[in-house]
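Trainee:
Residue numbers (this note's numbering), protein chains in the order written: chain A, 10 to 859; chain B, 43 to 261.
(1) Could you have a look at residue 652(A) and say whether DSSP puts it in helix, strand or coil?
(2) Which bits of chain B does residue 776(A) rub up against, with CB to CB less than 9 angstroms?
(3) Report the rounded CA-to-CA distance for residue 422(A) versus residue 445(A), giving the unit in angstroms.
(4) Check the C-beta distance from residue 125(B) over to residue 182(B) and give it rounded, since I have them as a contact under 8 angstroms.
(5) For a contact defined as C-beta to C-beta under 7 angstroms, what are the partners of residue 206(B) on chain A?
(6) Whole angstroms is fine: what's the gap from residue 638(A)'s alpha carbon to residue 836(A)'s?
(7) Write down the C-beta distance between residue 194(B) and residue 228(B) rounded to the nearest angstrom, noting that I regard them as a contact closer than 8 angstroms.
(8) From the beta carbon of residue 77(B), is the nearest beta carbon of chain A less than 9 angstroms away?
(9) Can you find a C-beta in chain B that's less than 9 angstroms from the C-beta of residue 483(A)?
(10) Starting from the C-beta of residue 667(A), find all residues in its chain whose C-beta is less than 7 angstroms away, skip the five residues before and the five after it, and write them out in chain order.
(11) Between the region 464 to 497 of chain A and chain B, which residues of the former have CB atoms less than 8 angstroms from a CB of the latter, in chain order?
(12) As a quick exercise: from 740(A), 730(A), 705(A), 473(A), pick the residue whose alpha carbon is nearest that of residue 792(A).
(13) What does residue 773(A) touch in chain B if you count any residue whose Cβ is under 8 angstroms from its own?
(14) Give a yes or no on whether the C-beta atoms belonging to residue 215(A) and residue 717(A) are separated by under 9 angstroms.
(15) Which chain B residues sit within Cβ distance under 9 angstroms of residue 854(A)?
(16) Buried or exposed: which applies to residue 25(A), given that a residue is buried once 16 or more other Cβ atoms fall within 10 Å of its Cβ?
(17) What does the alpha-carbon distance come out to for the pair residue 543(A) and residue 221(A)?
(18) With distance defined between alpha-carbon atoms, name the residue in 841(A), 778(A), 777(A), 776(A) nearest to residue 752(A).
(19) What residue does the alpha helix (DSSP H) around residue 121(B) start on, and which one ends it?
(20) Since residue 601(A) sits in a beta bridge, which residues does DSSP pair it with?
(21) So with Cβ pairs under 9 angstroms, would you call residue 286(A) a contact of chain B?
(22) Would you report the Cα separation of residue 159(B) and residue 139(B), rounded to the nearest angstrom?
(23) In its own chain, which residues sit with a C-beta less than 6 angstroms from the C-beta of residue 803(A), not counting the 5 before and 5 after it?
(24) Give every residue of the same chain whose Cβ lies closer than 7 angstroms to the Cβ of residue 142(A), excluding the five residues on either side of it in the sequence, and list them in chain order.
(25) For chain A, is any of its Cβ atoms less than 9 angstroms away from the one on residue 47(B)?
(26) Do you know offhand how far residue 754(A)'s Cα is from residue 34(A)'s?
(27) Is residue 151(B) near residue 197(B), with beta carbons less than 9 angstroms apart?
(28) Among the residues of its own chain, which have a CB less than 7 angstroms from the CB of residue 690(A), if the five just before and after it don't count?
(29) Pull up the DSSP beta-bridge partners for residue 657(A), would you.
(30) For a test of the three-state rule: what should DSSP assign to residue 139(B), helix, strand or coil?
(31) Does the beta-carbon of residue 256(B), which I'm using as the reference point, lie nearer than 8 angstroms to any heavy atom of the ligand HEM?
(32) Listing by chain order, which chain A residues have their CB less than 8 angstroms from the CB of residue 105(B)?
(33) Roughly how many whole angstroms lie between the Cα atoms of residue 881(A) and residue 235(B)?
(34) Am I right that residue 37(A) and residue 283(A) are in contact with their C-beta atoms under 8 angstroms? What's the rounded C-beta distance?
(35) Rounded to whole angstroms, what is the Cα-Cα separation between residue 741(A) and residue 16(A)?
(36) How about residue 174(A) and residue 106(A): are their beta carbons less than 9 angstroms apart?
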């Protein structure tokens, strides 16, 4: 018989299996497609606007002031090559509203962008009533002290076009209100609203002093045919310090997308869980389907059809079903994307167009085919090996030839998928390891409890006895139902508990110890007067900490600067690689203090707050624990920092954990006192206020007396963080609910099948004289027990998991709130209970076994 | 247990066609009598068994069991009737796969609110399967499974036994062995038995042969 004809007949005869396969696989793939479309949408948008983000073809930027020699080298090179460039300096400072000539004491922190006349080469801003201001249309801000401010700032300060603002020591007129800004897309949340002003007025403002928090950039326009890579290399020779970034649009957009990638990486992991759940359903049903088909295979083989031919038929069957599932899920996702775009656009603060390109579809198709083949292939292979003699058996043949090692490729495949999707070996392995451990632990608990129940069955009532025996003796199907329910419920518990714990972490005030205002860029020369002012005004200053800029140059004698240019390395770079690279090359903030603050906890070694005596050996350093881990150093390691050109050596003698959400001035690196006191420094401070009036007074006094000092409202910062957090939490919850839904579909389908297999048993119970209600009770009790046990175990394990993550990742306590989790899971259990009851009622209609 | 089947009729609708399966059937069975019910496929044997087991109700007529009309009993009473007074042996054995041999026999006691494991064990002993008590049905041969089914059907002392082709799935030798056990026990306990079979030799062992032809009983 021709292959196609044979295949089609065989394919058509398995309709219910085909339908379930497609439904289950499509549900599993939907989540992956959604996250993929989100990722592609962002990548696409970022790639299309890459040049806008740096306003040029090439950017040189650094968070430290460039050395005169570096400036000379860069500008000489650019002049020789006749490349046009703009200077762009970004800093934070308080801006004050001025009414007439009287200073009105009302100020806000702003993100100030000083740009030269050439700026921008690409992109622009859209001003209220003035339209887009693109390249060549910025001359107005250079002719007089004029600034363009973002709409948020105009609202916060209550200013309009024509009003005056004091920036540093200079007054500026508001020349425009920015409605849209193409330079700051995808930056997550900004610490402060944006302001654009002319670079010509930067010196007059006197904002840039030593140690000021600022980013200094050159935005360079290259000719059409310029070789970007070779220009980057030539510039790198002139500025060897890799703390100075030399990036093109692509590298820049990769960096911009990093924080969103982190979100999509985690979303991908949850969708992977959903996909794995659907694989569990597919495995269960394929096993059942093949058990029924074994005899048919034997008959085919007895008739002379070769095993290889049958394998080809079934392989094609599997491929066709997977293709159909991908097609259906893609159609569904594409149909629903427009309604999701609005929500995700708010999440990233950009108008997003979700899309699925050919590459992403190919990725999902390959992933799905790989999963189907590796999870179900061994089942088909095993089934086709069943001896022909099966046809002479009276009882149904059983699938016996499948060995556990057939699934080793699947296990490896899942691990690789997790690592690739999480973009992190650590997170991917932790996810798979954790999932495996949870499933094994849950399996052990389930096995243990069912064995105990089986043993104790004699002492139970008739209904409970039979419910217990069924659970323990139909272990495979009971466990499949249990594990689907367990994964769905544990994920829900975990996501909701983690969310409430993190929310509590952000919003808690640590017994009213958390400060209200956070001040930075207090110059060394201003420190004494600032301390006096605090005393005079009777403000509650909770901390005053020195900050010294430095750079880690050696760890145990080895140079740390081995950094590649962004985008220069391998295509697949894990997050750990990126972090390690970043952390080893980044400038660092150093500090010193005589004792640890209330927000720090010593976890290893001994903290030394006494003045260092370098005749006794290197001075001591205390590192924040996770920073030390990322840096790959521990107690006893020697670190050398470059502080204003001087090498400062220290040995790590203690590790601390820090509660960053205390919003107190804290540092990754603390030196022993007596080392850095003479180094050029700025100060950070925190203030606790009693009332709104006092808060306003602090703002106006600081803006008046220390115009270069920047000040943040902690509550405002918390509000912004929680706003982003809320949107992220919603995305994660959305995907988690999808996972829960898939779990429910799979487990309802598996439960149906489980009950279907026991239809004969129900009939027999009835014929032996058991009343219908009692029979229903047996099955209801079985599923009630299953749900209850699942609920208890998932709440316990989900809570433990939350506590472990909170402790190890966020160094905080978990808030175990079950007020939302329990109702969601109860509804889930109740739904299952109702469905089971309805199904039993339906199956009981045909109870005659004659 | 005495059974009087009086003028029962039963029809089924198949598509647009009405099939009269039983047509004014009358049959009297004395207490302790063993009758063999013979008939071709589709002759109404299964329908007759379903009616006698109280699983279905006749369109017309009555089935008196010790004077009680099954057709007039409620669903609940029918369950009690099956639980206390009726044993059934199936052609397909129909043991519960996740229960051991002993637990399958014990099930009949449990349904009647008893949990006497020693009695169940005695019955397994009687059918020669004491040493197989902890085995699950999948570990037993066809003959052994049918012996467990017989023990389950008779252990709680029902006065009536319905046996639906009990050797239909067994080889000749095993079938003979199973039938010997079944008849021995039924006669010992003076149980009324209705044996449905195609096998004329087996039917010959019964006290009386009843044939179902064209929806009617011919003795």
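Just so you know, even glycine gets a beta-carbon here, dropped at the ideal spot from N, CA and C.
Mentor: Judging by the given coordinates:
(1) Three-state result, residue 652(A): strand.
(2) Correct list: 95, 97, 124, 128, 130, 132, 136.
(3) Cα-Cα distance, rounded: 14 angstroms.
(4) Distance from residue 125(B) to residue 182(B) at the Cβ level is roughly 25 angstroms; contact not present, criterion being Cβ atoms closer than 8 angstroms.
(5) Within chain A, the residues near residue 206(B) are 859.
(6) Answer to the nearest angstrom: the Cα atoms are 43 angstroms apart.
(7) Incorrect: roughly 14 angstroms between the Cβ atoms, too far for contact.
(8) Using a CB distance cut-off of 9 angstroms, residue 77(B) does not count as an interface residue toward chain A.
(9) By this cut-off, residue 483(A) is an interface position.
(10) Take residue 667(A), set aside five residues on each side of it, and the residues of its chain with a beta-carbon closer than 7 angstroms to its own are 608, 609, 633, 675, in chain order.
(11) If the cut-off is 8 angstroms between Cβ atoms, the region 464 to 497 of chain A has 467, 471, 474, 478, 479, 482, 483 near chain B.
(12) Closest by alpha carbon: 473(A).
(13) Residues of chain B passing the Cβ test: 136, 138.
(14) Residue 717(A) sits close to residue 215(A), with the two beta carbons spaced by under 9 angstroms.
(15) Neighbours of residue 854(A) across chain B, judged by C-beta separation under 9 angstroms, do not exist; the nearest C-beta is about 12 angstroms away.
(16) In summary, residue 25(A) is exposed, with fewer than 16 beta-carbon neighbours lying within 10 Å of its beta-carbon over all protein chains present.
(17) Distance between the alpha carbons of residue 543(A) and residue 221(A) is about 22 angstroms.
(18) For residue 752(A), the nearest C-alpha among the options comes from 841(A).
(19) In this chain, the alpha helix (DSSP H) harbouring residue 121(B) covers 117 to 127.
(20) The beta-bridge partner set that DSSP reports for residue 601(A) consists of 680(A).
(21) No, its Cβ sits nowhere closer than 9 angstroms to a Cβ of chain B.
(22) Taken atom to atom, the span from the alpha-carbon of residue 159(B) to that of residue 139(B) is near 19 angstroms.
(23) These residues qualify, in order along the chain: 495, 498, 499, 502.
(24) Excluding residues up to 5 positions away in sequence, 133, 134, 136 lie with their Cβ nearer than 7 angstroms to the Cβ of residue 142(A) in the same chain.
(25) At a cut-off of 9 angstroms between beta-carbon atoms, residue 47(B) makes no contact with chain A.
(26) Roughly 11 angstroms between the two C-alpha positions.
(27) Yes.
(28) Excluding sequence neighbours, residue 690(A) sits near 220, 533, 555, 556, 557.
(29) Answer by DSSP bridge pairing, in chain order: 650(A).
(30) If DSSP states are grouped into helix, strand and coil, residue 139(B) belongs with coil.
(31) No copy of the ligand HEM occurs in the structure displayed, which carries no ligand at all.
(32) Result: empty, since nearest Cβ-Cβ is about 15 angstroms, beyond 8 angstroms.
(33) The first residue shown for chain A is 10 and the last is 859, placing residue 881(A) beyond what the model contains.
(34) Yes, they are in contact, since the Cβ atoms of residue 37(A) and residue 283(A) sit about 6 angstroms apart, within 8 angstroms.
(35) Looking at the two C-alpha atoms, the distance is approximately 42 angstroms.
(36) Contact annotation: residue 174(A) and residue 106(A) have beta-carbon atoms nearer than 9 angstroms.
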